[in-house]
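Here the structure is laid out as structure tokens; the discussion comes afterwards.
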Amino acid sequence: MKAQATPEDAVLAGKTALVTGAGTGLGKAMAIGLAKAGARLCLVGRRESLLAETADALATMGCTSDRIPADVTKDVDVQRIARLAGHVDILVNNAGTSDRQPWQAVKGEDWDRVLAINLTAAFQLSQVFAPGMAATGSGRIINVASVYGTLAPHRDLYPDAASFDLPSYGASKAGLIGLTRHLAAILGPAGITVNALSPGMMETERTTGLIGPGTRQALVARTPVRRLGQPADLEAAIVFLASPGAAFVTGHNLIVDGGFSLL
Numbered sequence: 012m013k014a015q016a017t018p019e020d021a022v023l024a025g026k027t028a029l030v031t032g033a034g035t036g037l038g039k040a041m042a043i044g045l046a047k048a049g050a051r052l053c054l055v056g057r058r059e060s061l062l063a064e065t066a067d068a069l070a071t072m073g074c075t076s077d078r079i080p081a082d083v084t085k086d087v088d089v090q091r092i093a094r095l096a097g098h099v100d101i102l103v104n105n106a107g108t109s110d111r112q113p114w115q116a117v118k119g120e121d122w123d124r125v126l127a128i129n130l131t132a133a134f135q136l137s138q139v140f141a142p143g144m145a146a147t148g149s150g151r152i153i154n155v156a157s158v159y160g161t162l163a164p165h166r167d168l169y170p171d172a173a174s175f176d177l178p179s180y181g182a183s184k185a186g187l188i189g190l191t192r193h194l195a196a197i198l199g200p201a202g203i204t205v206n207a208l209s210p211g212m213m214e215t216e217r218t219t220g221l222i223g224p225g226t227r228q229a230l231v232a233r234t235p236v237r238r239l240g241q242p243a244d245l246e247a248a249i250v251f252l253a254s255p256g257a258a259f260v261t262g263h264n265l266i267v268d269g270g271f272s273l274l
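Quick note on this note's numbering: the sequence shown kicks off at 12 and runs consecutively.
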């Protein structure tokens, strides 16, 4: 299937977008959306094989991409990402994880790991790429947060989930939203916008293994549009935040959840 952007759709033509966690799920979908809009992609993730799958999907669309296997929690890898990626116009901090154990069983190193991936890496990559954006007078930083950065999970909505005691996840995503606002204020004068994108429950490889039929039914019933999100639902949102049309949008948390957080 040829999905290369037509001139009128190529709002990101000539731009380079770097997406972390680009091998699967939401990261892969957002990379595809950005590529459809004409961006050149730099794919970052821990597993080369998964990045290759995303790159292959982009290639079938006639889109160009580079792959950088890396661990965003390691300083040496962050510096290698910066060196290999070169100038980046659009930074999508999507890499994320969570604990899958009761919160009282979480050890300090478990807590630190979640915050390192979900929050600290976004800060460090922003430090690395913001100067280059500032030098051109334009840039986009988009932090992928979650509705659980502002909501606490209601226990009744997860009747058959193995574990949904995830305070480290919620804390990291709340921190990411706060970081977004702070960086937006700092970087605005340089022409850089910084926004958060907060998905609701999305059907990905990861969440499919986490929730059972009872949980899925409860979540759908709670969502006004009566379905769970699909990764492709984020494509238009990420392209908008990355586009020239969002030049006056900064410090915002764009929620894409089918109305889940309204109720």
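The beta-carbon is built from N, C-alpha and C at its ideal position, and this holds for glycine as well.
Query: Find the nearest neighbour of L102 within the set P142, A66, C74, judged by alpha-carbon distance.; Result: P142
Query: Note down, in chain order, each residue of its chain lying with its Cβ closer than 6 Å to the Cβ of M212, except the 5 sequence neighbours on either side.; Result: L230, L239
Query: Based on Cα-Cα distance, which residue from M72, G73, W114, G186 lies nearest to A127?; Result: G186
Query: Going by DSSP, which residues form a beta bridge with R151?; Result: I101, T204
Query: Taking the alpha carbon of F134 as the point to measure from, which residue in I188, D110, Y169, A163 has its own alpha carbon closest?; Result: I188
Query: Which of the three DSSP states, helix, strand or coil, is assigned to A21?; Result: coil
Query: Locate the alpha helix (DSSP H) running through S183, then write down its first and last residues.; Result: 178-198
Query: With three or more beta-carbon pairs closer than 8 Å as the criterion, would you say the region 89-103 touches the region 56-65?; Result: no
Query: What is the rounded straight-line gap between the Cα of V139 and the Cα of L245?; Result: 25 Å
Query: Considering only residues of the same chain and omitting the five flanking positions on each side of G270, which have a CB-CB separation below 7 Å?; Result: T234, P235, V236
Query: To which residues of the same chain is A257 closer than 8 Å at the C-beta, ignoring the five residues directly before and after it?; Result: R151, T204, N206, F251
Query: For the alpha helix (DSSP H) that contains P224, what are its first and last residues?; Result: 224-233
Query: Count the other CB atoms, across all protein chains shown, that sit within 10 Å of the CB of K118; report buried if there are 16 or more and exposed otherwise.; Result: exposed
Query: Give me whichever residues DSSP pairs with M213 in a beta bridge.; Result: G240
Query: Report buried or exposed for L95, applying the criterion of at least 16 other Cβ atoms within 10 angstroms of its Cβ.; Result: exposed
Query: Using DSSP with H/G/I as helix, E/B as strand and the rest coil, what is M12?; Result: Note on M12: pLDDT 31, under 50, position unreliable in the model; no value is reported.
Query: If you count every other CB in all the chains shown that lies within 10 Å of the CB of L274, and 16 or more means buried, which is it?; Result: exposed
Query: Can you round the beta-carbon distance between Y169 and S109 to whole angstroms, since I take them to be within the 8 Å contact cut?; Result: Going by Cβ atoms, the distance from Y169 to S109 rounds to 13 Å, so no, they are not a contact pair.
Query: Report yes if the C-beta distance between L265 and L194 is below 8 Å; otherwise report no.; Result: no
Query: If we count the other Cβ atoms within 10 Å of its Cβ and call it buried at 16 or more, is K26 buried or exposed?; Result: buried
Query: Would you check if the distance between the CB atom of D77 and the CB atom of L45 is smaller than 8 Å?; Result: no
Query: When DSSP labels each residue in this structure, what does G56 get in the three-state scheme?; Result: strand
Query: Considering only their Cβ atoms, is the gap separating L23 from A42 smaller than 8 Å?; Result: no
Query: Check the DSSP bridge columns for A28 and list the partner residues they point to.; Result: L52, I101
Query: Under the DSSP definition of a beta bridge, which residues are partnered with L265?; Result: L208
Query: Alpha carbon to alpha carbon, what distance is there between A145 and L198?; Result: 8 Å
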